[in-house]
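Here the structure is laid out as structure tokens; the discussion comes afterwards.
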Amino acid sequence: MAALHYDAVVIGAGNGGLAAALTLADAGKKVLLAERHNLPGGFATSFVRGRFEFEASLHELCDFGTPGNSGNLYALFEELGVLDKIEFVTVPEAYRVITLDTGEDYTMPFGVQNFIDKMESYVPGSRESTATFFALADECRRAMAYLTQMRGNPDTAVLKSEYPNFMRVAAYPIDKVLNAIKMPKKAQEILNVYWSYLGTPEDQLSFLHYALMVNLYITHGAQIPKNRSHGISCALADTILEKGGEIWYNSEVEHIITKNGRVAGVRFADGKEVATEHVVSNASPHLVYGRMVDPKDIPEEELKLANARGLAGRGVSMFLGLNKSPEELGLHDYSYFIYHSLDTKAEFGGMETIENPAQVTVCLNAALPDCSPKGTTILYFTSLYFSDFFGGLANAENYFDIKEKMANCLIDGFERATGAKIRDAIEEIEVGSPVTYAHYTGAPQGAIYGYLLTGLDNMMPRIMCMYNEKHLPGLHFCGGHAMRGSGYNSSYQSGNLAAKFTLMDMKKEAE
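Residue numbers for the sequence shown follow our numbering, so the first one is 1178 and each next one is one higher.
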């Protein structure tokens, strides 16, 4: 076996991997973070084209907040010693949603009471049901904190007595619960705008998961780092090194070595081997079990679980540097959710072909006025596809033509929705496809949202089962394919959790 030995090796320096490695280093463990790219962050990065520095993926952080109104991610960054190394700003509004087919246009604020009041102005008679939604969401938040405290083994009597409504709604999708509390249909449609952040329509997505996310956004507001998500990634990486951890860039783990049915080390693409009894993988189970572990060592239950899961949204992004200011273009909002309609099921079904103008687009200048040179604007667009049509359509001959077609579709949709004429102001443009994301991050089919959250594979079942999952001994997963699903907050938290599971394993082995 190799001469080098580490207490743990973390595969992949994405959000989950960075949080896992830092948690282990903070606990005094000798940890190696292995990253195949030459930078930390995975999706959480930035890039420069001409005179513009573009944010690669982050729209806004959930559950972060401000010093007087902080969330769990704020507390995690404080615990890990990175909070003071990153400068954050608050996004001005929750969202603006515009529909292309019906011309509806709604802008919703942060703050629970503000949100309820604005909803009532749009949908008279919705006040009581919207207030009920937030009360339910807050009870769900407190119940989930209790479940976490009890490590998946709660006292059912406590759940029934202190969180009775949580027990009533936890197993149902969004639409069932909103109908049960008699929320008007139009109010439901406006409330459900964030669905594309999780990539599952309202009839499949857990009410619990969605309510928690909406409540955290509206209660704490949303923040972004001043130096793009790359600033967060660098702060985490620097702190890992400060605490004695190691990071190897340009170092792709090719194989997880096993011995006697458990993790024994890793082998890199260049043939180098490192000994360890513990691996935390930010790479997906599909990638790990498909390429990196001997088939005989894969637990049958884990293989069945990975094969049973569907992939969530495949990502397409476009980044525009415009030579006009937001004021000249008539752009005054930060987040633009643009759909054909507010029917989430219909929208989900339509995200399977190249003619898909549905998008979430951010005007970074609305939160960071100096993010680009004076008189310019940064826009970045994200769209999702819920099939692998791209893999069967694109080839070396037509790839760039397809990207151009997708870009035109997104630009046309944005101009139709907002009335802003952006096409003639384009100075820089970059388009990322599912191929881009698969190439840079190893995400299967370019799926940027991990595994689809649906039915019995929603967040609640995943969290309840995570203490009993039968991984290959010594292996834990983090990131968008892990127990909390996708998203920045979830990925950081999953890395912290995976590291704590690893520390628990180490403690048991030492006894």
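All C-beta atoms, glycine included, are put in the ideal place defined by N, C-alpha and C.
Answer with buried or exposed for Arg1136, where buried requires no fewer than 16 other C-beta atoms within 10 angstroms of its C-beta. Outside the displayed span of the chain (1178 to 1688) sits residue 1136, for which this structure offers no information.
So, with DSSP's three-state summary, where would you put Ser1512? Numbered from its first residue, the sequence shown carries residue 1512 at position 335. Ser1512 falls in the strand class under three-state DSSP.
Using a Cβ-Cβ cut-off of 6 Å (strictly less than) and excluding sequence neighbours within five positions of Gly1242, which residues of its own chain qualify? Residue 1242 sits at position 65 when you count from the first residue of the sequence shown. Counting only Cβ-Cβ distances below 6 Å, and skipping sequence neighbours, we find Gly1248, Tyr1251, His1397.
Taking Gln1506 as the reference, give the member of Ser1549, Leu1488, Glu1264, Thr1554 with the closest Cα. The residue given as residue 1506 occupies position 329 in the sequence shown. Sequence check: residue 1506 is Leu here, not Gln. If we check each option's Cα against that of Leu1506, Thr1554 comes out closest.
Would you report the Cα separation of Thr1435 and Pro1472, rounded to the nearest angstrom? What you label residue 1435 is simply residue 258 of the sequence shown in a count that begins at 1. What you label residue 1472 is simply residue 295 of the sequence shown in a count that begins at 1. Going from the Cα of Thr1435 to the Cα of Pro1472 covers about 11 Å.
Cα separation between Tyr1511 and Ile1599? Translated into positions along the sequence shown, residue 1511 becomes position 334. Translated into positions along the sequence shown, residue 1599 becomes position 422. Roughly 16 Å separates the two Cα atoms.
Expressed to the nearest angstrom, what Euclidean distance is found between the alpha-carbon atoms of Met1178 and Asn1427? Translated into the one-based positions of the sequence shown, residue 1178 becomes position 1. Translated into the one-based positions of the sequence shown, residue 1427 becomes position 250. With a pLDDT of 48 at Met1178, under the threshold of 50, the predicted position of this residue should be treated as unreliable, though the coordinate-derived value follows. Rounded to the nearest angstrom, the gap between the Cα atoms of Met1178 and Asn1427 is 22 Å.
Check for me: the alpha helix (DSSP H) holding Lys1582 runs from which residue to which? Here the question's residue 1582 lines up with position 405 in the sequence shown. 1576-1595 is the span of the alpha helix (DSSP H), which, as asked, contains Lys1582.
Mapping DSSP to helix, strand and coil, what is Pro1323? On the sequence shown, position 146 is the one that residue 1323 refers to. This sequence places Tyr at residue 1323; Pro is not what is there. In the displayed model, Tyr1323 falls within a helix according to three-state DSSP.
Segments of 4+ residues assigned as alpha helix (DSSP H) that fall wholly inside the region 1374-1452: Segments of the alpha helix (DSSP H) lying fully in the region 1374-1452: 1384-1397, 1405-1419.
DSSP state of Met1178, grouped into three classes? Along the sequence shown, one-based indexing puts residue 1178 at 1. The pLDDT assigned to Met1178 is 48, lower than 50, so where the model puts this residue is not dependable, and the model offers no usable value.
Distance between Leu1499 and Thr1698 (C-alpha atoms, nearest Å): Because the chain here runs from 1178 to 1688, residue 1698 falls outside it and cannot be looked at.
What did DSSP end up calling Tyr1272 once you bin it into helix, strand or coil? Counting from one through the sequence shown, the residue named residue 1272 turns up at place 95. In the structure shown, Tyr1272 falls within a strand segment according to DSSP collapsed to helix, strand and coil.
List the endpoints of the continuous alpha helix (DSSP H) containing Ile1367. For the purposes of this step, residue 1367 is identified with residue 190 of the sequence shown, where counting begins at 1. 1362-1368 is the extent of the alpha helix (DSSP H) around Ile1367.
Taking only the alpha-carbon atoms, compute the straight-line gap between Leu1545 and Thr1538 and give it to the nearest angstrom. Locating residue 1545 in the sequence shown gives position 368, counting from the first residue. Locating residue 1538 in the sequence shown gives position 361, counting from the first residue. Near 15 Å, if we compare the C-alpha coordinates of Thr1538 and Leu1545.
In whole angstroms, what is the alpha-carbon distance linking Ala1535 and Ala1624? Here the question's residue 1535 lines up with position 358 in the sequence shown. Here the question's residue 1624 lines up with position 447 in the sequence shown. Answer to the nearest angstrom: the Cα atoms are 17 Å apart.
Segments assigned beta strand (DSSP E), at least 3 residues, entirely inside the region 1604-1663: 1652-1654, all fully within the region 1604-1663.
Taking Leu1680 as part of the alpha helix (DSSP H), name the residues at either end of that continuous run. In the sequence shown, residue 1680 corresponds to position 503, counting from 1. Its alpha helix (DSSP H) spans residues 1665-1687.
Please work out which residues of its chain come closer than 6 Å, Cβ to Cβ, to Thr1618, disregarding the five sequence neighbours upstream and downstream, and give them in chain order. Looking up residue 1618 in the sequence shown gives position 441. In the same chain as Thr1618, and ignoring 5 residues on each side of it, the C-beta atoms closer than 6 Å to its own belong to Gly1219, in chain order.
So Ala1446 and Tyr1466 are in contact, right, with Cβ under 8 Å, and what is the actual spacing, rounded? For the purposes of this step, residue 1446 is identified with residue 269 of the sequence shown, where counting begins at 1. For the purposes of this step, residue 1466 is identified with residue 289 of the sequence shown, where counting begins at 1. Wrong, their Cβ atoms sit about 18 Å apart, outside the cutoff.
In three-state DSSP terms, what is Val1465? Counting from 1 along the sequence shown, the entry for residue 1465 is found at position 288. For Val1465, the three-state secondary structure derived from DSSP is helix.
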